[in-house]
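Residue numbers (the working numbering): 1 to 128.
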């Protein structure tokens, strides 16, 4: 009977030691999981902050792109106007240069035929 009692006491000690080891392992696991949750929560908060900054930067870039697109459209209109009217402006400038040459020649004492003077007079009259 004493042997059985000793065996039962030893079994109880072994069970108690196993239980204590189990509780220690469980507590360590809970602590590790709690730390992991804390770390992951911190990481999540940082990533959400970075996401907000990225969204704000994206919105700013989209506004800037829209402004640049509008400026591009305005420049395109101005360029189209210049290209469209280039020949007209070049002809008018050539006529103006020729009129200035004739005026300079007249002031220098040169004489011109009447057809050329008439053309010049018409041009100069249109400018007034």
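Backbone N, C-alpha and C define an ideal beta-carbon position, used for all residues, glycine too.
Q. Just the Cα atoms here: how many angstroms apart are residue 90 and residue 75?
A. 21 Å
Q: Please report the residue range of the alpha helix (DSSP H) in which residue 49 lies.
A: 2-84
**Q.** Euclidean distance between Cα positions of residue 25 and residue 45
**A.** 30 Å
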